[in-house]
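**Q** First the structure, then my questions, so here it is.
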Amino acid sequence: MDDTIVFLHSMLGDVSDEQITKDTIFPKYIIADFFTFDFTTHTQNSLMYSDEGTLFNIYCKCTSENQKLFLNTMYYEPIDGGVTGDNNRYKTLAKLIEIRTDALIEISESPAPNIMEFCETKTYTFGEYQVYMISAFTMECRLTKTNIVAWKLRLSAYLYTEIEEENGKLYFGTAAKGGRFYSISLQDGKIIFEYNTGGTTSYVWHQENLLMVDKKGDIILLDSKTGTLIKRYTLRRSDSSKQRLRATPDILVKNDKIYSIAISRENFYEFYAVCVDL
Numbered sequence: 001m002d003d004t005i006v007f008l009h010s011m012l013g014d015v016s017d018e019q020i021t022k023d024t025i026f027p028k029y030i031i032a033d034f035f036t037f038d039f040t041t042h043t044q045n046s047l048m049y050s051d052e053g054t055l056f057n058i059y060c061k062c063t064s065e066n067q068k069l070f071l072n073t074m075y076y077e078p079i080d081g082g083v084t085g086d087n088n089r090y091k092t093l094a095k096l097i098e099i100r101t102d103a104l105i106e107i108s109e110s111p112a113p114n115i116m117e118f119c120e121t122k123t124y125t126f127g128e129y130q131v132y133m134i135s136a137f138t139m140e141c142r143l144t145k146t147n148i149v150a151w152k153l154r155l156s157a158y159l160y161t162e163i164e165e166e167n168g169k170l171y172f173g174t175a176a177k178g179g180r181f182y183s184i185s186l187q188d189g190k191i192i193f194e195y196n197t198g199g200t201t202s203y204v205w206h207q208e209n210l211l212m213v214d215k216k217g218d219i220i221l222l223d224s225k226t227g228t229l230i231k232r233y234t235l236r237r238s239d240s241s242k243q244r245l246r247a248t249p250d251i252l253v254k255n256d257k258i259y260s261i262a263i264s265r266e267n268f269y270e271f272y273a274v275c276v277d278l
């Protein structure tokens, strides 16, 4: 946002042991951390809700309009109403919030939500080819004009990312059962390469190559033509402890720098915003 990296997250507030009952509602916070590109300046703002509803990140989406950043906490229609507890106790928070460096401001209730479409249920059209999943682990391709099956491919795990096409090659990640990242031929479905990441739920392009997180919790840069590992980025704290960190799948590339969120390998509740030179 402008010249600022924004990290949005949420957490539950504390309630003393003496106040906790079966009907206790814990305060919920939406938090925005703001960093300059070089991480020399950091500020934070937050919003607190007591009983409005629960924030589910799967239903949220950030959008940019007229140089402004907005968080819609119910951009997607909740599955089964978004209720996760008995007696409709936990409902999805439905707010449209403007993210500013000086404040988080509730604009309105969320507009009518959109239907969430999962990648494994989509049909992807690339010219004369249509690609889709016919079962949990089987990908199929048909010719659009004739409806003839061109090829089928058995995957190692569930499809977890969108399918992208570049120069006649399909790229996508699988996860959940020990996944891999794939590059296959659009014409005949033959595997060009498959890289064992342990599960890929997100990846980004950097120039002509691919950035993602592997099973070691490192960020890796793959050659998009061969699947060869170009570089491995092992994250560590910058202080004297040099504690090793585990990257999360969320990666942003800006001005030849990688921005990501990492988790302490020693304490799951320690989160870090990290910046790495490419």
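The sequence shown: position 213 = 213 (the UniProt record's numbering), numbered continuously.
For every residue, glycine included, the Cβ atom is placed at its ideal position computed from N, Cα and C.
1) Which partner residues of Ile263 appear in the DSSP bridge assignment?
2) Quick test of your reading: Thr92 and Tyr132, contact by CB under 8 angstroms. State the CB separation rounded to the nearest angstrom.
3) Going by DSSP, which residues form a beta bridge with Met139?
4) To the nearest angstrom, report how far apart Arg232 and Ala112 are at their CA atoms.
5) Determine the closest residue to Lys122 out of Ser110, Ser135, Glu128, with distance taken between C-alpha atoms.
6) Tell me whether Asp38 sits in a helix, a strand or coil according to DSSP, three-state version.
7) Near Leu210, what residues of its chain come up, given a Cβ to Cβ distance below 6 angstroms and the 5 sequence neighbours on each side ignored?
8) Who are the near neighbours of Ser64 in its chain, counting only those whose CB is closer than 7 angstroms to its CB and skipping five residues on each side?
9) Excluding sequence positions up to five away, which residues of its chain have a Cβ less than 7 angstroms from the Cβ of Ser264?
10) What first and last residue would you give for the beta strand (DSSP E) that runs through Cys119?
11) Which first and last residues belong to the beta strand (DSSP E) in which Tyr160 is found?
12) What's the C-alpha gap between Ser185 and Val253?
13) DSSP state of Asp188, grouped into three classes?
14) For Ser10, which residues of its own chain have a beta-carbon under 8 angstroms away from its beta-carbon, when the five flanking residues on both sides are left out?
15) Please report the straight-line C-alpha distance between Phe37 and Ile97, rounded to a whole angstrom.
16) Consult DSSP for Asp17 and reduce its assignment to one of helix, strand or coil.
17) In this structure, what does DSSP give as the bridge partners for Phe126?
18) Hey, would you say Leu47 sits closer than 9 angstroms to Glu106, going by beta carbons?
19) Can you tell me where the beta strand (DSSP E) with Ile97 in it begins and where it stops?
20) Tell me whether the beta-carbon of Asn194 lies closer than 9 angstroms to the beta-carbon of Arg180.
21) Sort Leu69, Ile79, Ile115, Tyr49 by Cα distance to Ile5 and report the nearest one.
22) Grouping DSSP H, G and I as helix and E and B as strand, with all else coil, what is Tyr59?
23) For Asp256, collect the residues of the same chain with a Cβ closer than 8 angstroms to its Cβ; drop the 5 residues on either side in sequence, then sort them by chain order.
24) Can you check DSSP and say which residues form a bridge with Asp214?
**A** Based on what the coordinates show:
1) Per the DSSP secondary-structure output, Ile263 pairs in a beta bridge with Arg246, Phe271.
2) At roughly 29 angstroms, the Cβ-Cβ gap does not stay under 8 angstroms, so Thr92 and Tyr132 are not in contact.
3) In DSSP, Met139 forms a bridge with Met133, Leu153.
4) In a straight line, the C-alpha of Arg232 is about 43 angstroms away from that of Ala112.
5) Measuring from the Cα of Lys122, the nearest candidate turns out to be Ser135.
6) DSSP places Asp38 in coil when its eight states are reduced to three.
7) For Leu210, where only same-chain residues beyond five positions count, the Cβ hits under 6 angstroms are Tyr203, Leu222, Ser224.
8) For Ser64, where only same-chain residues beyond five positions count, there are no Cβ hits under 7 angstroms.
9) Excluding sequence neighbours, Ser264 sits near Gln243, Leu245, Glu270.
10) Segment: none, Cys119 is in no beta strand (DSSP E) and carries neither H nor E.
11) It is not in any beta strand (DSSP E) - Tyr160 carries neither H nor E in the DSSP assignment.
12) Their Cα atoms are separated by approximately 27 angstroms.
13) It is coil, neither helix nor strand.
14) Closer than 8 angstroms at the Cβ level, and outside the excluded window around Ser10, lie Lys28, Tyr29, Ile30, Ile31, Leu55, Asn57.
15) Rounded to whole angstroms, the separation of the alpha carbons of Ile97 and Phe37 is 24 angstroms.
16) In this structure, DSSP gives Asp17 a helical state, which the three-state scheme calls helix.
17) Tyr129.
18) Note that the C-beta distance between Leu47 and Glu106 is below 9 angstroms.
19) That run of the beta strand (DSSP E) goes 95-99.
20) Rather than Asn, the amino acid found at residue 194 in this sequence is Glu. For Glu194 and Arg180, yes; Cβs fall inside 9 angstroms.
21) Closest in C-alpha terms to Ile5, from the list Leu69, Ile79, Ile115, Tyr49, comes Leu69.
22) Under the three-state reduction of DSSP output, Tyr59 falls in the helix class.
23) Excluding five sequence positions before and after Asp256, the CB atoms of its chain that fall closer than 8 angstroms to its own CB belong to Asp277, Leu278, given in chain order.
24) Asp214 is not bridged to any residue.
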